[in-house]
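Chemist: Structure provided below as structure tokens; questions to follow.
Protein chains: 2
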Amino acid sequence: MVRLSKKVEYGLIAIRHIATKPFGEIVTAKEIADTYRIPYELLAKVLQKLTKSGLINSHQGVHGGYELAMRPGEIPVSMIIHAIEGTQPMIAQCMVEGPESCDVFTVCTIKTPLTRVQANIERAFNTMTLSEIV
Amino acid sequence: MVRLSKKVEYGLIAIRHIATKPFGEIVTAKEIADTYRIPYELLAKVLQKLTKSGLINSHQGVHGGYELAMRPGEIPVSMIIHAIEGTQPMIAQCMVEGPESCDVFTVCTIKTPLTRVQANIERAFNTMTLSEIV
DNA sequence: TGAAACCGGACTTGTTCAGTCGGATATTTC
DNA sequence: GAAATATCCGACTGAACAAGTCCGGTTTCA
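These protein sequence lines are chains A and B, in that order.
For the record, in the first sequence the residue sitting at position 131 is 131 according to the numbering used here, with numbers rising by one throughout.
For the record, in the second sequence the residue sitting at position 23 is 157 according to the numbering used here, with numbers rising by one throughout.
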């Protein structure tokens with residue numbers, strides 16, 4: 001299976017929504033959840049991760065919410081995925097958890113070619129920024 | 135999560151192993167399982183799928199086994215994945231199961247950009263053939 | 001006839017994902 | 001200061017999926 005998680009999908013939709021708003025305007029999680037019919041609690045957690053990673057700023061309390069912390073052109077899709085998943089999208093387990101995680105590692109014959117595919121995929125996610133999604 | 139399944143990993147290792155043998159030589163599932171310490175039963179099923187998709191030929195009975203059905207240069211990695219998983223590696227659910235599978239579809243704002251990422255990834259898997267892995 | 005090999009469905013187990021719940025903290029407004 | 005609104009965050013549940021196992025079958029050859 002090679003698929004983006006729902007969390008990442010929601011995160012992309014959400015941060016794009018925030019990016020469409022004029023500079024300085026603040027958006028609540030509820031507004032996003034209602035607009036796109038995304039489960040509120042789940043979306044909230046995704047937004048918290050984006051906040052902890054510094055992609056968006058949060059404001060608590062009444063009239064609180066979220067705003068972009070960087071310019072859209074500075075946020076590649078790969079950064080959004082990393083913020084939510086905790087790692088880059090890695091095509092094979094041994095690439096993210098190291099050789100010990102793979103009991104076939106020493107005898108594995110596809111490491112090298114897969115690394116090249118991996119590089120291609122990273123490039124795909126790195127070169128597209130938020131500004132191209134808006 | 136964006137990761138290749140173990141089945142695909144085993145399939146790649148296996149078909150590569152078969153491809154390294156001289157033309158006409160037949161390889162058993164047991165030999166491959168032993169060489170790479172892959173669970174035999176699981177590997178057997180992967181090989182069966184590769185057979186049904188026409189990538190390799192199988193021979194039953196004593197001295198049976200598998201051999202390549204096409205030239206390595208004619209087998210892109212994407213074809214191997216498709217044979218094992220049943221579909222191309224699709225980054226989002228709505229791309230493989232259609233709009234009905236996604237209850238956010240009509241309001242989803244990231245379809246178009248994701249399609250572009252998808253195209254990049256497909257290219258990565260299409261351009262690499264078995265002959266580059268051997 | 002028996003051994004070696006592929007064929008293929010059913011099953012178990014473990015992990016991960018999606019979603020929910022409950023309570024805590026911060027901020028504004030009245 | 002109290003109430004309302006919002007983020008914060010850990011724990012939990014249920015469903016889906018992946019990985020691996022089991023078992024009975026078929027084909028072929030010696």
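Yeah, the Cβ is synthetic: ideal placement off N, Cα and C, and Gly gets one too.
No experiment lies behind these values; they were computed from the predicted model shown.
Taking the continuous beta strand (DSSP E) assigned at Gly-199/B, which residues delimit it?
Modeler: Locating residue 199/B in the second sequence gives position 65, where the first residue counts as 1. Note, Gly-199/B: beta strand (DSSP E), 199-202.
Chemist: Would you check if the segment 213-224 of chain B and the segment 239-250 of chain B touch, i.e. whether three or more CB-CB distances between them fall below 8 Å?
Modeler: The segment 239-250 of chain B is not in contact with the segment 213-224 of chain B.
Chemist: When you compare each of Ala-124/A, Gln-118/A, Ala-33/A to Ala-14/A by their alpha carbons, which one comes out closest?
Modeler: If you number the first sequence from 1, residue 14/A lands on position 14. Here the closest residue by C-alpha is Ala-33/A.
Chemist: Let's test the definition: count the other Cβ atoms within 10 Å of the Cβ of Gly-207/B and tell me whether it reaches 16, buried, or not, exposed.
Modeler: What you label residue 207/B is simply residue 73 of the second sequence in a count that begins at 1. Exposed: under 16 other Cβ atoms inside 10 Å.
Chemist: Anything in chain B within Cβ reach of Pro-89/A, meaning under 7 Å, just list it in chain order.
Modeler: Start at 1 with the first residue of the first sequence, and residue 89/A comes out as number 89. The answer, in chain order, is Val-136.
Chemist: For chain A, find out if any of its Cβ atoms is closer than 7 Å to the Cβ of Ser-139/B; answer yes or no.
Modeler: Taking the first residue of the second sequence as position 1, residue 139/B is located at position 5. It does; some Cβ of chain A falls within 7 Å.
Chemist: How about Val-46/A: is its C-beta nearer than 7 Å to some C-beta of chain B?
Modeler: Within the first sequence, residue 46/A is the residue found at index 46, counting from 1. Answer no: the Cβ-Cβ gap between Val-46/A and chain B never drops below 7 Å.
Chemist: Can you find the residues in the same chain that come closer than 6 Å, C-beta to C-beta, to Val-8/A, ignoring five residues on each side of it along the sequence?
Modeler: Here residue 8/A is taken as the residue at index 8 of the first sequence, counted from 1. Closer than 6 Å at the Cβ level, and outside the excluded window around Val-8/A, lie Ile-81, Ile-84.
Chemist: For Val-27/A, name the three-state secondary structure that DSSP assigns.
Modeler: Reading the first sequence from its first residue, position 27 is the one you call residue 27/A. Residue state, collapsed to three classes: strand.
Chemist: Against chain A, with Cβ distances strictly below 7 Å, would Tyr-170/B count as a contact?
Modeler: Position 36 of the second sequence holds residue 170/B. Yes, contact with chain A.
Chemist: Of all Cβ atoms in chain A, is any one closer than 7 Å to the Cβ of Arg-150/B?
Modeler: Taking the second sequence and counting its residues from 1, the one referred to as residue 150/B is at position 16. Closer than 7 Å to some Cβ of chain A, the Cβ of Arg-150/B qualifies, so yes.
Chemist: Are the beta-carbon atoms of Ala-178/B and Ala-163/B separated by less than 7 Å?
Modeler: In the second sequence, counting from the first residue as 1, residue 178/B sits at position 44. In the second sequence, counting from the first residue as 1, residue 163/B sits at position 29. Cβ distance < 7 Å, so Ala-178/B and Ala-163/B count as in contact.
Chemist: If we cut at 7 Å on Cβ distances, does Ala-163/B have a partner in chain A?
Modeler: Looking up residue 163/B in the second sequence gives position 29. No, Ala-163/B lies away from the interface with chain A (no Cβ there is under 7 Å from its Cβ).
Chemist: From the DSSP secondary-structure annotation, give me the bridge partner or partners of Asn-57/A.
Modeler: Numbered from its first residue, the first sequence carries residue 57/A at position 57. In the DSSP output, where bridge partners are listed per residue, Asn-57/A has Glu-67/A.
Chemist: Using a Cβ-Cβ cut-off of 7 Å, state whether Asn-254/B counts as contacting chain A.
Modeler: Reading the second sequence from its first residue, position 120 is the one you call residue 254/B. Asn-254/B counts as touching chain A.
Chemist: Below 8 Å on the Cβ atoms is my contact criterion, and I expect Pro-210/B with Thr-249/B to pass it. Report the Cβ-Cβ distance as a whole number of Å.
Modeler: As a working note, residue 210/B is residue 76 in the second sequence. As a working note, residue 249/B is residue 115 in the second sequence. Not really, about 20 Å apart at Cβ, beyond 8 Å.
Chemist: Does chain B have any CB closer than 7 Å to the CB of Pro-113/A?
Modeler: By one-based count along the first sequence, residue 113/A stands at place 113. It does: the Cβ of Pro-113/A has a partner Cβ on chain B nearer than 7 Å.
Chemist: Could you check whether the Cβ of Thr-109/A sits closer than 7 Å to any Cβ belonging to chain B?
Modeler: Taking the first residue of the first sequence as 1, we reach residue 109/A at position 109. Yes, contact with chain B.
Chemist: Under the three-state reduction of DSSP, which class applies to Pro-76/A: helix, strand or coil?
Modeler: Numbered from its first residue, the first sequence carries residue 76/A at position 76. Three-state result, Pro-76/A: strand.
Chemist: Strictly below 8 Å CB to CB, what residues from chain A border Ile-166/B?
Modeler: The residue labelled residue 166/B in the question sits at position 32 within the second sequence. None at all; the shortest Cβ gap to chain A is about 11 Å.
Chemist: Mind pulling the chain A residues with CB within less than 8 Å of Met-262/B?
Modeler: As a first step, residue 262/B must be located in the second sequence, where it is residue number 128. Ordered by position in chain A, the residues that pass the 8 Å Cβ test against Met-262/B are Pro-113, Arg-116, Val-117.
Chemist: Would the beta-carbon of Phe-259/B fall within 7 Å of that of Ser-187/B?
Modeler: Sequence index remark: in the second sequence, residue 259/B carries index 125 (1-based). Sequence index remark: in the second sequence, residue 187/B carries index 53 (1-based). No, the Cβ-Cβ distance between Phe-259/B and Ser-187/B is not below 7 Å.
Chemist: Taking C-alpha atoms, which residue in Thr-240/B, Cys-236/B, Ile-160/B lies nearest to Gly-195/B?
Modeler: By 1-based counting over the second sequence, the position of residue 195/B is 61. Closest by alpha carbon: Ile-160/B.
Chemist: Hey, how far is the Cα of Pro-233/B from the Cα of Phe-239/B?
Modeler: One-based indexing of the second sequence puts residue 233/B at position 99. One-based indexing of the second sequence puts residue 239/B at position 105. If I take the Cα positions, the gap works out to 6 Å.
Chemist: Which two residues bound the contiguous alpha helix (DSSP H) that contains Thr-127/A?
Modeler: Translated into positions along the first sequence, residue 127/A becomes position 127. Counting along the chain, the alpha helix (DSSP H) containing Thr-127/A begins and ends at 111-127.
Chemist: I need the straight-line Cα distance from Ile-91/A to Glu-256/B, nearest angstrom please.
Modeler: Numbered from 1 along the first sequence, position 91 holds the residue referred to as residue 91/A. Numbered from 1 along the second sequence, position 122 holds the residue referred to as residue 256/B. Cα-Cα distance, rounded: 14 Å.
Chemist: Taking the straight line between their C-alpha atoms, what separation do you get for Met-1/A and Arg-137/B?
Modeler: By 1-based counting over the first sequence, the position of residue 1/A is 1. By 1-based counting over the second sequence, the position of residue 137/B is 3. About 6 Å.
Chemist: Would you list the residues sitting across from Val-2/A in a DSSP beta bridge?
Modeler: Taking the first residue of the first sequence as position 1, residue 2/A is located at position 2. Per DSSP, Val-136/B.
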